[in-house]
Every structure is written in structure tokens, then in C-alpha cells.
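So the sequences go chain by chain: A and B.
Okay, so the first sequence: first residue is 508 according to the numbering used here, each after it adds one.
Okay, so the second sequence: first residue is 508 according to the numbering used here, each after it adds one.
Think of the CB as a built atom: it goes at the ideal place given N, C-alpha and C, for glycine as much as any other residue.
2 protein chains.
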Amino acid sequence: MNYEKFYADRVKPMKGSAIREMFKRMADPAIISLAGGNPASELFPGKELAEIARNILIENPVGALQYGTTDGLPAMRECAASRAKKVNAIKDSDQVLIMTGANQGIDLTAKALINKGDKIIVESPSFIGSLNAFRTYECELVGVKVEDDGMDMDELENALKNNDNVKMIYTIPTFQNPTGVTMSLEKRKKMIELANRYDVIILEDNPYGDLRFKGEDVATIKSLDTDGRVIYAGSFSKILSPGMRLGYLVGSPEILGKVEILKQVNDVHTPVLTQMMCVEFMKKYNIDEYIERNRELYGRKCAVMLESIEKYFLENRVKWTVPDGGIFMWCECPDIEDITPVVDKALEKKVAIVPGSNFAIDMKAPSNMFRLNYSSATPEKLEEGIRRLGEALSEVLQ
Amino acid sequence: MNYEKFYADRVKPMKGSAIREMFKRMADPAIISLAGGNPASELFPGKELAEIARNILIENPVGALQYGTTDGLPAMRECAASRAKKVNAIKDSDQVLIMTGANQGIDLTAKALINKGDKIIVESPSFIGSLNAFRTYECELVGVKVEDDGMDMDELENALKNNDNVKMIYTIPTFQNPTGVTMSLEKRKKMIELANRYDVIILEDNPYGDLRFKGEDVATIKSLDTDGRVIYAGSFSKILSPGMRLGYLVGSPEILGKVEILKQVNDVHTPVLTQMMCVEFMKKYNIDEYIERNRELYGRKCAVMLESIEKYFLENRVKWTVPDGGIFMWCECPDIEDITPVVDKALEKKVAIVPGSNFAIDMKAPSNMFRLNYSSATPEKLEEGIRRLGEALSEVLQ
Numbered sequence: 508m509n510y511e512k513f514y515a516d517r518v519k520p521m522k523g524s525a526i527r528e529m530f531k532r533m534a535d536p537a538i539i540s541l542a543g544g545n546p547a548s549e550l551f552p553g554k555e556l557a558e559i560a561r562n563i564l565i566e567n568p569v570g571a572l573q574y575g576t577t578d579g580l581p582a583m584r585e586c587a588a589s590r591a592k593k594v595n596a597i598k599d600s601d602q603v604l605i606m607t608g609a610n611q612g613i614d615l616t617a618k619a620l621i622n623k624g625d626k627i628i629v630e631s632p633s634f635i636g637s638l639n640a641f642r643t644y645e646c647e648l649v650g651v652k653v654e655d656d657g658m659d660m661d662e663l664e665n666a667l668k669n670n671d672n673v674k675m676i677y678t679i680p681t682f683q684n685p686t687g688v689t690m691s692l693e694k695r696k697k698m699i700e701l702a703n704r705y706d707v708i709i710l711e712d713n714p715y716g717d718l719r720f721k722g723e724d725v726a727t728i729k730s731l732d733t734d735g736r737v738i739y740a741g742s743f744s745k746i747l748s749p750g751m752r753l754g755y756l757v758g759s760p761e762i763l764g765k766v767e768i769l770k771q772v773n774d775v776h777t778p779v780l781t782q783m784m785c786v787e788f789m790k791k792y793n794i795d796e797y798i799e800r801n802r803e804l805y806g807r808k809c810a811v812m813l814e815s816i817e818k819y820f821l822e823n824r825v826k827w828t829v830p831d832g833g834i835f836m837w838c839e840c841p842d843i844e845d846i847t848p849v850v851d852k853a854l855e856k857k858v859a860i861v862p863g864s865n866f867a868i869d870m871k872a873p874s875n876m877f878r879l880n881y882s883s884a885t886p887e888k889l890e891e892g893i894r895r896l897g898e899a900l901s902e903v904l905q
Numbered sequence: 508m509n510y511e512k513f514y515a516d517r518v519k520p521m522k523g524s525a526i527r528e529m530f531k532r533m534a535d536p537a538i539i540s541l542a543g544g545n546p547a548s549e550l551f552p553g554k555e556l557a558e559i560a561r562n563i564l565i566e567n568p569v570g571a572l573q574y575g576t577t578d579g580l581p582a583m584r585e586c587a588a589s590r591a592k593k594v595n596a597i598k599d600s601d602q603v604l605i606m607t608g609a610n611q612g613i614d615l616t617a618k619a620l621i622n623k624g625d626k627i628i629v630e631s632p633s634f635i636g637s638l639n640a641f642r643t644y645e646c647e648l649v650g651v652k653v654e655d656d657g658m659d660m661d662e663l664e665n666a667l668k669n670n671d672n673v674k675m676i677y678t679i680p681t682f683q684n685p686t687g688v689t690m691s692l693e694k695r696k697k698m699i700e701l702a703n704r705y706d707v708i709i710l711e712d713n714p715y716g717d718l719r720f721k722g723e724d725v726a727t728i729k730s731l732d733t734d735g736r737v738i739y740a741g742s743f744s745k746i747l748s749p750g751m752r753l754g755y756l757v758g759s760p761e762i763l764g765k766v767e768i769l770k771q772v773n774d775v776h777t778p779v780l781t782q783m784m785c786v787e788f789m790k791k792y793n794i795d796e797y798i799e800r801n802r803e804l805y806g807r808k809c810a811v812m813l814e815s816i817e818k819y820f821l822e823n824r825v826k827w828t829v830p831d832g833g834i835f836m837w838c839e840c841p842d843i844e845d846i847t848p849v850v851d852k853a854l855e856k857k858v859a860i861v862p863g864s865n866f867a868i869d870m871k872a873p874s875n876m877f878r879l880n881y882s883s884a885t886p887e888k889l890e891e892g893i894r895r896l897g898e899a900l901s902e903v904l905q
């Protein structure tokens, strides 16, 4: 049977995320992965959540196992609101929607806003999961260069000036995926000003904001918004557990009302037990103390990676970003055009990295960049991984 | 701020499910709900799942809390396959995808196949969650009348003959939502024959198939398919827990490969803990024994509802279906055009039912039908609910 004729136009050009495909191939335990976006698992509160899950299912089995409401449990919405409040990302008039991971919030926000041919301005490079979600609505992605202090605002202004049908700017302003870069306060203010002037929506994706281990917090873009044009996407994936798939949207009830309808026909509601577990965890324990332990761990791991890079990478042949938090850094090899031979050589040496093309607007163009993750592996494996990667780089670059 | 201009065309006409909106309003504990689609909660295995969840989180916290794979845990895919095998709905060449509820499978299958303007043939009436999911892809729904033995096959043939761009037939052949009707084997064979002749995909949605309390099982449409054109959607919502949001798709790896990519950008993967809990439940307990107890309960509840209807409804003024399983029956008041006054009167008397317009292709046309659910309320409440509804009917019809 020939299935080709049945496919919708939107999926014809789609390929799966190379990163998640890589996960599948990484059954080989000898491989050190610097590729994924997994948070550290050393500190997962397994025991605490074990007792919590048990108590919920004993005390309120019907609550945990029966259908829930599409917008999420009221207590879970309060937990999300309390996280958003910490970064001034919620106003009294805002709605909160619990999502099955923030990615669902990003996907369905695009579904609510984007017609075929509409444009979304995104950081270049940016998170493949969001870019691919946007691509399924047949929009045009307009990339704006990321500098050391975030999106280039002149380029953003030009993009807004020179493009019709821009509906939305999508940004990960803090510890950006994949660059690890944080947007300055000045640029955040400028972005709001431009969004107001050109009347576009901003989708602020902030999964890593809590993971700062250096420097001072910068105000969220949502906190600078007076019009109600910023939709804020938060997540419990990097501060509690990604496997639980708990994220949320905060923003105008008008737009979120549309997103809620789309969620209703998507997964009806986010699983109830995991919502209740998150609520109980935040009731019984101080999640900020737990996050603090993670921050400290990420700071240590990042330092190990940076020291290893200094030690094992060819001098002056690789440039890298130095993040103040989050889980990623970004490397560039200015002397070559295409990083693929390095990625392949590294995989031979059993270390996995993600080539930059995955995060590009034009995924077919060669990229001389790659992303490194330091949250997932142990410090020992981080050093060994960078050592092997250094070897791969030396063999290809020399 | 005026948000109207930002919305995508696909969401402009969308309204939330009246049924799920009703849930929100039903905080009043005096209301007897015959409206929802909740399975019985009396038998939920809360204690068993409590121990299972606890053990998983103690023994394998990283497995349960870290990111999983988009297609689902291998052991969970085996559990889904074993359910599909019981009804011959899986071939060796088929792929299995774990979904966050079967609704996600239906939504994303439509997303993979449907371009704007494509047509989907559906039972009329049909499940609002699926119809609304389809509507978000700007397709045209072509309704085919449901008879006591399922879709009218002459009408289906005409629909296929007279419509271009039919990509898919969507059917709930067994204990259909909302009618409770089951399609005969003869009609299932005819549907496959027609789908082969007109070269369209069939999406077979079978969430209630396990809940037969009368008569003999009828072969699934998937089991009659030799071309690989049937996608089978199964669910654990009605046989274990809807709050856990566990469903699955079985079918051609070509189409399911596209759906998997769309799931990757939607919720990345289904929460892991709930998948592991389902796997362990099926390992430790005989789920078919559990289903058997539910079947028996549903048979009893259905009988109570039918007896109460005979007792309390005005003679010869209401027609109803007599289901052999599942959770719904369907009523019609041939003497009136619009059921709304009955629904309103019933709500005054604190009993909730869903008007037929919700399940119609044209939701704005008046409907003289309504859906009744008998799985959720206790037998006592079922009788009392039907008594009050009988009063409402008498007051409006006389």
C-alpha cells in the first residue's frame, strides 16, 4: 500500500528529532552522552515521591484515577502560579493552564495562533522541539542571531520591519537552548518595546530559569509586559522530574482559552496522579531547597566541563559559551564548515554530541557548531567525555 | 488588547466541549450526572496501584522520573500489544505507539493525514472529542447515519462515491459513543471492502470493546484488514483508569512514524510513571479478571437504567437504544424538535444529561436526542436520576 498520498502537507517534510533518535541508539552503556537535555538524576526525590504517590492512591484513589479537568487540578495551578510569582511572571488577570510538559504548551500556542504562511521570529539557533512544533503549522521561521547577551535587537527590529504576518516572537531568554546564553535586561526591555510597536505576541519559554549558579537573576520578559502580549511557559521538568511531564502556561485568558480547547481535543487533561504528586511534594518539602542542591550540582558540573575543555580541546580552534546557569553550552569550530566528521569521530570514540544543524532554521545547511550538555553525566564522565571529544576534534581539525 | 487578529483560522469557530464545561459546573454534589463519560470508580484498584507506584519509585526512581522515549516504554508497548492481540487488532508488521490517552492518538492521526478541505467520514452522531479534534485541521466532516447495527452502509457508499478528498473513515464500531450501538460483522466487512475500493484510511476507535456484558464479541475492523489501511486506537481509560491517560495506536509503521514525530513535538512522551504502573499492574494482577468485575457492574447498572426508564419515562414518547456493553445509551423524543427545554428542566431538578447537538456534525441544528451514561453513578442514583429526568420529560412533553 502506498501511504504517501494520505499524508498532510505539514508532515511531509518532517523528520524526527535527531536528538531523540540518538537516545534510542544510546542503549550502549559505554557511550558517554553530552547530547541530551536530561536534567541530573542524582538528586531525584524518588523516596519522597514514593511515599507521596502511595499516600495519594490510598487516601484518594478516585481523585487520582478518575478523569480530571482540562486546565489542571486547582492545587496544581496554584503550584504553577507560585513558581511564576517568584519571577513576576503572573498578573491577577492571568490564567494558568497545566500542560503535559511545557512543549505541549508551545505546540498548542502555535496551533492557536499560526495560519499557514504566518511567520514566527525565533532565536537562531533555537530549541528543535519548539521549531519542529512550529513547522507542523506550516509557518515560516525567521531566525535572529543570538549574541553573548541574547537576540540581536537590531536584527529583530529589521525582521519585524521587513516581514508581514509576523504573529509571534519565540524566545528562551535565560540559559537558552542550545547556546546557554542569557538575554540582558536591556534587550528584554527592547524586545517588549518592539513587540508593542509591531503588535506581536511573545512566547517566553523559561524551563531553565531556576538553574542559575552564577550572577544575578534578570527580570522575565513577562514581568515587563503591560499589554498582556507575553505568554509565559514554565516547566517542572528541570526542577522536579521530566518523566512526570508537568509544564504550564501563564497569560491572557483570551489566548489561553483557545489553547485550553486545543488541549481538550489533544490529551483531554494532564494525568492526575503526577499533578497530585507535584502538589504534595511542594506542600511537604521546600522545592527551593531541592532546586538549590541542583543548582550547586550544575555549577560544579559546568566547571568540570569548562576545565576539561581548557585541558583537552585544541587551543584557539574551538570557541565556546560560558553559561551562568541551565544545562547547555555551545561550541563553534571557526576553521571548518561542517561539524559532521567531528560528531561521527566522537561517536566512534563513544561520546555523543548534537551537531548545530539540528537547532538551525535551515537544517540542511552545514553547521560548524555543536551543543554540549553538562547536567546529565557524572563529573568523571564529563571529563572523560570531553577528553574523547578533544581527541576527535584534534584528529579532524589537524 | 485585541486578541482576535492573532488567532489561527482553525480555532476561530471552536468552542470547548459542553460536556467538559458541565464537569466544571457540577461541583454541586446534589447533581446526579448522567452526562459524563466517566467509567465506574467503585472498582479502581487504588490499593494495588499505591503499592505498585511506591515500589517503582523506590526501586527505579531514575527510570520513572527521567525523560522517556516518544513511542513509549517497551514493556508498555507490549502491554498494549497484548490487549490488541486479544481482538486480533495487531499484525507482526504493525507498530505500537503509546499515547497520552487515545484522544491524543486520534488528534495526531488527523494531524498527520488531514489537509485543509480534506474530508473525514464519521458516524452521525459521534464522539465530540474526536469531531472537535478533526475540526481543528479545517477538514469537512461527512456524517453517515448510525442504525441499530451501526453505520448505514448504503449511505457510506454514497458518501465515498460523491465526495472527493475523503482521506479517512472514523468509526467507533463497538458500543459507540454516544449511541451505545455495535456495528454488525456484515457491516464491518462491507466497510473494509468499501475502504479498499475507494482507497481510504479507517481509524477504528475502540475504547469500550472490553466492556461487553451481553451477546457475543464481533471481530474488530482491524482484524479484517489485509491492506494495512486500518489504524486501531485502544485505551486503558475504561479498563484501568482514565486519569492515568494511557492509550495506544496500532497500525502501519509508515503512518505511525509520522504520528510519532507529531507526538515528539506535542508532549515529547507519555509520562513514564503511569506507564510503569500499568505494566506492573498487568504483571502482578490479571487485568481480565478486573475487567470482568467491571463488566458485571456495568451490566447491572445498565439494567437499572433500563428498568428505571420503563418505569419513569412517558410511554411511547421516548425511544432509546439497548446496549450490549460500554457505558452509554441514546434517547430520542420524536414528538419534539429541540431537547434543550428538557435538558434545562432536568438541570433544575439536579440531573445532568448531554443534548444530542454536541455529537452532531452540525452542532447548531436543533436535536431531539440526548445521551445517557450509566457507568458513573451508583445504581440508587441512576434510578433517582432517571426518575427526575422522567419528571422533566413529562413536564416538557405534556
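Subject >> Outcome for A/Val775 when other beta-carbon atoms lying within 10 angstroms are tallied against a minimum of 16 >> reply: As a working mapping, residue 775 of chain A is identified with position 268 in the first sequence. A/Val775 comes out buried.
Original post:
Going by DSSP, which residues form a beta bridge with A/Ser742?
Top reply: Your numbering for residue 742 of chain A matches position 235 in the first sequence. Partner(s): A/Gly754.
**OP:** For A/Cys785, name the three-state secondary structure that DSSP assigns.
**Re:** Your numbering for residue 785 of chain A matches position 278 in the first sequence. In this structure, A/Cys785 counts as helix in the three-state DSSP scheme.
Original post:
At least one CB of chain D closer than 7 Å to the CB of B/Val779: is that the case?
Top reply: Judged by its chain identifiers, the structure shown contains no chain D, and its protein chains are A and B.
Subject >> Strand pairing of A/Val629, partner residues [DSSP] >> reply: Within the first sequence, residue 629 of chain A is the residue found at index 122, counting from 1. In DSSP, A/Val629 forms a bridge with A/Gly650 and A/Tyr677.
Subject >> Rounded distance between the beta-carbons of A/Leu620 and A/Lys674, thought under 8 Å >> reply: By 1-based counting over the first sequence, the position of residue 674 of chain A is 167. By 1-based counting over the first sequence, the position of residue 620 of chain A is 113. Their Cβ separation, rounded to whole angstroms, is 5 Å, which keeps A/Lys674 and A/Leu620 in contact under 8 Å.
Subject >> Delimiting residues of the alpha helix (DSSP H) encompassing A/Asn880 >> reply: For the purposes of this step, residue 880 of chain A is taken as the residue at position 373 of the first sequence. Unbroken run through A/Asn880 is the beta strand (DSSP E), Met876 to Asn880; no alpha helix (DSSP H).
Subject >> Spatial neighbours of B/Ser882 in its chain, beta-carbon cut-off 6 Å, leaving aside the 5 residues before and after >> reply: Against the second sequence, residue 882 of chain B aligns to sequence position 375. So the qualifying residues of the chain are Pro546, Ala547, Tyr805 and Ile834.
Original post:
Going by beta carbon distance, what residues of the same chain come within less than 7 Å of B/Val590, once the five residues before and after it are set aside?
Top reply: Position 83 of the second sequence, counting from 1, holds the residue named residue 590 of chain B. Just to set this straight, residue 590 of chain B is Arg in the shown sequence, not Val. The answer, listed in chain order, is Gly741.
Original post:
With DSSP run on the structure shown, which of helix, strand or coil describes A/Ser748?
Top reply: Stepping through the first sequence from its first residue, residue 748 of chain A is reached at position 241. A/Ser748: coil per DSSP, three-state reduction.
Original post:
Where does the unbroken alpha helix (DSSP H) through A/Leu763 begin, and where does it stop?
Top reply: Along the first sequence, one-based indexing puts residue 763 of chain A at 256. Where A/Leu763 is concerned, the enclosing alpha helix (DSSP H) stretches over Pro760 to Gln771.
Subject >> Cα-Cα separation between A/Asp656 and A/Val629, rounded to whole angstroms >> reply: In the first sequence, counting from the first residue as 1, residue 656 of chain A sits at position 149. In the first sequence, counting from the first residue as 1, residue 629 of chain A sits at position 122. The straight-line gap from Cα to Cα measures roughly 15 Å.
Original post:
Would you call A/Asn773 buried or exposed, if buried means 16 or more other Cβ atoms sit within 10 Å of its Cβ?
Top reply: In the first sequence, the residue the question calls residue 773 of chain A occupies position 266. The residue in question, A/Asn773, is buried, as its Cβ has 16 or more Cβ neighbours within 10 Å.
Original post:
When burial is assigned at 16 or more other CB atoms within 10 Å of the CB, is B/Gly579 buried or exposed?
Top reply: Along the second sequence, read from residue 1 onward, the residue named residue 579 of chain B stands at position 72. Under this definition B/Gly579 is a buried residue.
**OP:** Closer than 8 Å by C-beta to B/Ala867: which residues in its own chain qualify, once you throw out the five before and the five after it? Chain order, please.
**Re:** Translated into the one-based positions of the second sequence, residue 867 of chain B becomes position 360. Counting only Cβ-Cβ distances below 8 Å, and skipping sequence neighbours, we find Ser631, Pro632, Gly650 and Ser874.
Original post:
How would you list, in chain order, the residues of chain A whose beta-carbon sits under 9 Å from the beta-carbon of B/Leu572?
Top reply: Position 65 of the second sequence, counted from the start, is the residue given in the question as residue 572 of chain B. Going along chain A in sequence order, the residues near B/Leu572 (Cβ under 9 Å) are Ser548, Phe551, Pro552, Gly553, Leu556, Leu747, Ser748, Pro749, Gly750 and Met751.
Original post:
For chain A, is any of its Cβ atoms less than 7 Å away from the one on B/Leu731?
Top reply: Position 224 of the second sequence, counted from the first residue, corresponds to residue 731 of chain B. No - not a single Cβ of chain A is within 7 Å of the one on B/Leu731.
**OP:** Select from A/Asn880, A/Lys790 and A/Asp614 the residue whose C-alpha is nearest the C-alpha of A/Tyr677.
**Re:** Locating residue 677 of chain A in the first sequence gives position 170, where the first residue counts as 1. That would be A/Asp614, whose Cα lies nearest to the Cα of A/Tyr677.
Original post:
Is the CB of A/Ile762 under 7 Å away from at least one CB in chain B?
Top reply: Numbered from 1 along the first sequence, position 255 holds the residue referred to as residue 762 of chain A. So, interface residue.
**OP:** Please confirm whether B/Gly754 and B/Ala859 have their CB atoms less than 7 Å apart.
**Re:** Against the second sequence, residue 754 of chain B aligns to sequence position 247. Against the second sequence, residue 859 of chain B aligns to sequence position 352. Not in contact: B/Gly754 and B/Ala859 (Cβ atoms no closer than 7 Å).
**OP:** Would you decide whether A/Pro848 is buried or exposed? Buried here means 16 or more other CB atoms lie within 10 Å of its CB.
**Re:** In the first sequence, residue 848 of chain A corresponds to position 341, counting from 1. It counts as exposed.
Original post:
Is it a yes or a no for the stretch 705-723 of chain B touching the stretch 680-687 of chain B, going by three-plus beta-carbon pairs under 8 Å?
Top reply: yes
Original post:
Near B/Phe788, what residues of its chain come up, given a Cβ to Cβ distance below 8 Å and the 5 sequence neighbours on each side ignored?
Top reply: For the purposes of this step, residue 788 of chain B is taken as residue 281 along the second sequence, with counting starting at 1. These residues qualify, in order along the chain: Pro552, Glu555, Leu556, Ile559, Leu747 and Ile794.
Original post:
Span of the beta strand (DSSP E) holding B/Phe835?
Top reply: As a first step, residue 835 of chain B must be located in the second sequence, where it is residue number 328. Phe835 to Glu839 is the extent of the beta strand (DSSP E) around B/Phe835.
Original post:
With DSSP run on the structure shown, which of helix, strand or coil describes A/Arg736?
Top reply: The sequence position of residue 736 of chain A within the first sequence is 229, counting from 1. Coil.
**OP:** Determine, using beta carbons only, whether B/Lys871 comes closer than 7 Å to chain A.
**Re:** Position 364 of the second sequence holds residue 871 of chain B. Judged by the 7 Å Cβ criterion, B/Lys871 is not in contact with chain A.
**OP:** With DSSP as the reference, label B/Arg824 as helix, strand or coil.
**Re:** As a working mapping, residue 824 of chain B is identified with position 317 in the second sequence. Three-state DSSP puts B/Arg824 in coil, outside helix and strand.
Original post:
What are the start and end residues of the beta strand (DSSP E) that includes B/Met606?
Top reply: Reading the second sequence from its first residue, position 99 is the one you call residue 606 of chain B. Segment Gln602 to Met606, the beta strand (DSSP E) holding B/Met606.
Original post:
Any Cβ of chain A within less than 7 Å of the Cβ of B/Gln602?
Top reply: Along the second sequence, one-based indexing puts residue 602 of chain B at 95. False, the Cβ-Cβ gap to chain A never drops below 7 Å.
Original post:
Taking 7 Å as the CB-CB limit, is A/Arg800 close to chain B?
Top reply: As a first step, residue 800 of chain A is located in the first sequence; it is residue number 293 there, counting from the start. Judged by the 7 Å Cβ criterion, A/Arg800 is not in contact with chain B.
Original post:
With 7 Å set as the bound, which would you pick, yes or no: does the beta-carbon of B/Arg894 sit closer than that to a beta-carbon of chain A?
Top reply: Locating residue 894 of chain B in the second sequence gives position 387, where the first residue counts as 1. No, because no Cβ of chain A sits closer than 7 Å to the Cβ of B/Arg894.
Subject >> Contacts of B/Gly636 in chain A (Cβ-Cβ under 9 Å) >> reply: Reading the second sequence from its first residue, position 129 is the one you call residue 636 of chain B. Simply Gln771, Val772 and Val775.
Original post:
Quick one: does A/Asn880 have its CB under 7 Å from some CB of chain B?
Top reply: Here residue 880 of chain A refers to the residue found at position 373 of the first sequence. No, its Cβ sits nowhere closer than 7 Å to a Cβ of chain B.
Original post:
How about A/Val725 and A/Leu763: are their beta carbons less than 7 Å apart?
Top reply: On the first sequence, position 218 is the one that residue 725 of chain A refers to. On the first sequence, position 256 is the one that residue 763 of chain A refers to. Against a cut-off of 7 Å, the Cβ pair of A/Leu763 and A/Val725 comes out as no contact.
**OP:** Pull up the distance between the alpha-carbon of B/Ile846 and that of B/Leu854, whole angstroms please.
**Re:** As a first step, residue 846 of chain B is located in the second sequence; it is residue number 339 there, counting from the start. As a first step, residue 854 of chain B is located in the second sequence; it is residue number 347 there, counting from the start. Roughly 13 Å between the two C-alpha positions.
**OP:** Output the distance between the C-alpha atoms of B/Pro520 and A/Leu896, rounded to the nearest integer angstrom.
**Re:** Along the second sequence, read from residue 1 onward, the residue named residue 520 of chain B stands at position 13. Along the first sequence, read from residue 1 onward, the residue named residue 896 of chain A stands at position 389. Looking at the two C-alpha atoms, the distance is approximately 53 Å.
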